[in-house]
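Undergrad:
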Amino acid sequence: MKLKHRSLPFDLRSLEIFLAVCETGGMAAAASELGLTQPAVSQTISELEKRTGTDLFDRKCRPLALTLSGSLMRQRATALLSDAHQISPLLQDAKQGKVSFIRVGLVDSLNRALTIKLSEYLQSRAGKVSILSGLTAAHASELLTRKLDLFLGVDDLEETAGLERWEIGREPYVLLLPQGTRMVLTVDDLRRLAETKPFIRFSARSQTGVEIERHLRRLGIVAAQSFEYDSPYAVAAMVSAGRGFAISTALCVSESQLENNRLITCPLPGPIMSRKLSVVARFRELGQIPRDVADVTRVALGDLVCSLNA
1 MKLKHRSLPF
11 DLRSLEIFLA
21 VCETGGMAAA
31 ASELGLTQPA
41 VSQTISELEK
51 RTGTDLFDRK
61 CRPLALTLSG
71 SLMRQRATAL
81 LSDAHQISPL
91 LQDAKQGKVS
101 FIRVGLVDSL
111 NRALTIKLSE
121 YLQSRAGKVS
131 ILSGLTAAHA
141 SELLTRKLDL
151 FLGVDDLEET
161 AGLERWEIGR
171 EPYVLLLPQG
181 TRMVLTVDDL
191 RRLAETKPFI
201 RFSARSQTGV
211 EIERHLRRLG
221 IVAAQSFEYD
231 SPYAVAAMVS
241 AGRGFAISTA
251 LCVSESQLEN
261 NRLITCPLPG
271 PIMSRKLSVV
281 ARFRELGQIP
291 RDVADVTRVA
301 LGDLVCSLNA
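Taking UniProt numbering, the leading residue of the sequence shown gets 1, the next gets one more, and so forth.
#1: For residue 228, collect the residues of the same chain with a Cβ closer than 8 Å to its Cβ; drop the 5 residues on either side in sequence, then sort them by chain order.
#2: In chain order, which continuous runs of the beta strand (DSSP E) of length 3 or greater are located wholly inside the stretch 260-307?
#3: Would residue 14 and residue 44 qualify as a contact pair, given that the criterion is a beta-carbon distance under 9 Å?
#4: For residue 70 and residue 59, I'd like the C-alpha separation in whole angstroms.
#5: Between which residues of its own chain and residue 290 is the CB-CB distance below 7 Å, once the five residues before and five after are set aside?
#6: Out of 268, 161, 67, 102, state which residue places its alpha-carbon closest to the alpha-carbon of residue 129.
#7: Touch check for the stretch 73-82 and the stretch 18-29: three-plus C-beta pairs under 8 Å?
#8: Please work out which residues of its chain come closer than 8 Å, Cβ to Cβ, to residue 1, disregarding the five sequence neighbours upstream and downstream, and give them in chain order.
#9: Who pairs with residue 312 in a beta bridge, going by DSSP?
#10: Given a cut-off of 9 Å, decide if residue 174 and residue 267 are closer than it, judged by their beta-carbon atoms.
#11: Give me, in chain order, the residues of the same chain whose beta-carbon lies closer than 8 Å to that of residue 311; leave out the 5 immediate sequence neighbours on both sides.
#12: How would you call residue 284, buried or exposed, if buried means at least 16 neighbouring beta carbons within 10 angstroms?
#13: I need the DSSP call for residue 39, collapsed to helix, strand or coil.
#14: DSSP puts residue 227 in a beta bridge; with which residues?
#15: Quick one, are the C-beta atoms of residue 68 and residue 57 less than 9 Å apart?
#16: List the endpoints of the continuous beta strand (DSSP E) containing residue 211.
#17: Look at the alpha carbon of residue 105 and the alpha carbon of residue 62, and state the distance between them as a whole number of angstroms.
#18: What does DSSP give as the partner residue(s) for residue 128 in the beta ladder?
#19: Any chance the stretch 295-302 sits against the stretch 114-126, with 3 or more Cβ pairs inside 8 Å?
#20: For residue 58, list the residues DSSP reports as bridge partners.
#21: Would residue 317 and residue 184 be called neighbours here (beta carbons separated by less than 9 Å)?
#22: Applying the criterion that 16 or more other CB atoms from any shown protein chain within 10 Å of the CB defines a buried residue, is residue 178 buried or exposed?
#23: On the three-state DSSP scale, how would you describe residue 118?
The following block contains the structure:
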């Protein structure tokens with residue numbers, strides 16, 4: 001069913017005249033300030049009152065006093081005109097590829113790697129920038145409900161329509177062992193390790209945790225329940241303290257900022273398992289910004305990976 005169009009009981013010009021009367025305290029003063037005749041101002045106010053169905057001024061008072069309805073109209077008219085005056089500058093910014101405000105979700109494991117480079121780039125493309133760290137699952141939900149404009153994480157929501165996706169890198173999962181642990185070279189070695197040592201998990205609320213558990217099931221490895229954490233630091237710290245072993249990535253270990261001499265990082269036995277890192281945004285709503293974010297972060301991650309391998 002086609003919706004019936006409802007016309008507004010005012011236009012922006014009538015609101016400007018109304019606010020001028022409010023500020024000057026009279027029709028004649030408002031007319032002088034606006035360069036209009038007093039009858040033109042009076043007619044505009046009368047028409048505004050007629051169309052809104054309420055008296056906006058108490059005409060028994062001098063200077064004119066606002067009624068309760070008039071006070072509410074003044075409050076809302078001020079906000080509406082303020083927003084209207086911002087449209088032209090915003091359009092000019094958009095013409096230059098800029099936005100007034102951008103909200104970005106950044107998965108925890110990329111905080112140290114990307115925060116500075118990402119902030120520097122976004123500062124050139126937005127008047128205000130908000131970068132929120134956390135789990136990819138939460139960021140994905142906030143993108144779909146328009147609480148975020150884009151996110152960088154480990155789930156590109158490939159089954160969700162209306163999004164654009166830019167891959168920024170892939171990294172293999174690795175085995176994280178406490179210092180002094182015998183090397184794990186085969187799947188059987190990993191199975192025996194899981195039978196004798198606690199497995200420090202990434203939370204099942206995280207995409208990383210889900211992918212790791214799925215991989216272990218494919219290998220037929222059942223790791224006993226012990227500790228699970230949301231943050232890369234907590235997982236690496238528990239392994240560093242000798243509380244068990246974990247499956248992680250080089251970027252997650254880098255994010256933890258722990259002493260490497262207390263940790264052993266080695267390839268994960270069995271089939272290669274890696275995670276894909278992506279920039280995800282609503283389709284074509286931010287122009288070239290998502291693609292440029294992908295380019296900037298891809299370079300930053302490449303530099304970091306090179307330094308970790310050096």
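Backbone N, C-alpha and C define an ideal beta-carbon position, used for all residues, glycine too.
TA: Answer, in terms of the structure:
#1: 200, 201, 202, 203, 204, 209
#2: 263-267, 274-282
#3: yes
#4: 12 Å
#5: 150, 164, 166, 279, 281
#6: 102
#7: yes
#8: Here the model assigns residue 1 a pLDDT of 43, short of 50, so the residue's position is not dependable and the matter cannot be decided.
#9: With the chain represented from 1 up to 310, any question about residue 312 goes unanswered, as that position is not in the structure.
#10: yes
#11: In the structure as shown, the chain starts at 1 and stops at 310, and residue 311 therefore has no counterpart that could be examined.
#12: exposed
#13: helix
#14: For residue 227, which the question treats as bridged, DSSP gives no partner whatsoever.
#15: no
#16: No beta strand (DSSP E) contains residue 211, which is instead part of the alpha helix (DSSP H) from 207-219.
#17: 55 Å
#18: 101
#19: yes
#20: 65
#21: Lying before the first or after the last residue shown, residue 317 is absent from the chain, which here runs from 1 to 310.
#22: buried
#23: helix
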